[in-house]
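Note that the working numbering numbers the sequence shown so that position 44 is 174, with each residue one more than the last.
Just so you know, even glycine gets a beta-carbon here, dropped at the ideal spot from N, CA and C.
Since this is a predicted model, take the numbers as computed values, not measurements.
Below is one structure; the comments refer to it alone.
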Amino acid sequence: MKAILLITAAATALAGCSYSARGPAENRSVERAGLVASGDVDATGSAEYSGLFVDAGGNISRDLSLAGANVVSDARVGGNLNIEGARIRFTGSVEGDTEIAGAAIYLDGLFGGRMEVIGARAIIDGNILGELDATGTRFNLRGNFASPVHIRGSGDNGRNGRVMVSGTLEQGGYICARHVNFRSNARVNGALHIIAEARPDWDGAFDYEPLGPRDCEDIHRARG
């Protein structure tokens, strides 16, 4: 995915930077594309940024889509958020659903809907009101998760990844990874089921199931 994004961004850059707005004033959407696609906008519709380096801010009444090798945003999004990139940092707010795919991900904000994350490494902080569905190699759950979380570790050769819980899981959920660890400030207030190589060394309440030779993604597919 990283290579595809780089090629796409480079091709866009060679074609020159561009900015366009379309639609009536009450539903005006914005597009920015180029080697560096950046700037704050007040869009009454949706907004799209694409480039090698993307920096998006401002107020977007509807959906925001960002794609680039390096993506940074502190935008306030009234609809859904979609980001694809190698390095991603989002510190804004989203009223709708959030979909993130990247290699290195940092999220810290207010997320009002469901969140889906696919990445090699991800830190998720802030307030996440909807359910979290995540697949990746290394996750740190720092935030306050108001709904159940569903985490699947992945990696080459059945490594199944690592998950660190250092925030609050208000309604518990499901975590499958080779290693699952808890910081001293972690809180779990709902039923939590953990599948891991070894039982986590933590005094909180959770159900534990040994992972054994299985793969977390295979377990997920089998359970539907």
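Where residue i and residue j are concerned, what is the direct C-alpha to C-alpha distance, given to the nearest angstrom?
i: residue 341; j: residue 222; result: 36 Å
i: residue 284; j: residue 249; result: 9 Å
i: residue 338; j: residue 323; result: 6 Å
i: residue 282; j: residue 159; result: 36 Å
i: residue 186; j: residue 317; result: 33 Å
i: residue 116; j: residue 299; result: This structure cannot settle anything about residue 116, because the visible part of the chain is limited to 131 through 354.
i: residue 190; j: residue 175; result: 7 Å
i: residue 308; j: residue 289; result: 6 Å
i: residue 167; j: residue 213; result: 14 Å
i: residue 201; j: residue 260; result: 23 Å
i: residue 335; j: residue 205; result: 37 Å
i: residue 262; j: residue 297; result: 14 Å
i: residue 220; j: residue 255; result: 10 Å
i: residue 171; j: residue 218; result: 19 Å
i: residue 181; j: residue 169; result: 13 Å
i: residue 142; j: residue 239; result: Because residue 142 sits at a pLDDT of 42, beneath the cut-off of 50, its placement in the model cannot be relied upon, and the point is left open.
i: residue 345; j: residue 157; result: 46 Å
Should residue i be labelled buried (16 or more other beta-carbon atoms within 10 Å of its own) or exposed?
i: residue 232; result: buried
i: residue 178; result: buried
i: residue 270; result: buried
i: residue 208; result: buried
i: residue 173; result: buried
i: residue 164; result: buried
i: residue 348; result: exposed
i: residue 268; result: buried
Three-state secondary structure (DSSP) at residue i?
i: residue 349; result: helix
i: residue 210; result: coil
i: residue 157; result: helix
i: residue 327; result: coil
i: residue 164; result: strand
i: residue 338; result: strand
i: residue 225; result: coil
i: residue 257; result: strand
i: residue 300; result: coil
i: residue 273; result: coil
i: residue 319; result: coil
i: residue 290; result: coil
Rank the options by C-alpha distance to the C-alpha of residue i and give the top, closest one.
i: residue 302; options: 310, 276 and 351; result: 276
i: residue 332; options: 230, 306 and 313; result: 313
i: residue 355; options: 230, 200 and 164; result: The chain is shown only over 131 to 354; residue 355 falls outside these bounds and no answer can be derived.
i: residue 236; options: 259, 272 and 351; result: 272
i: residue 196; options: 162, 175 and 208; result: 162
i: residue 293; options: 320, 327, 260 and 319; result: 327
i: residue 245; options: 319, 239 and 264; result: 264
So residue i and residue j are supposed to be a Cβ contact under 8 Å. How far apart are they, rounded?
i: residue 215; j: residue 198; result: 5 Å
i: residue 258; j: residue 241; result: 5 Å
i: residue 266; j: residue 243; result: With 8 Å as the limit, residue 266 and residue 243 do not qualify as a contact, their Cβ atoms being about 20 Å apart.
i: residue 311; j: residue 330; result: 6 Å
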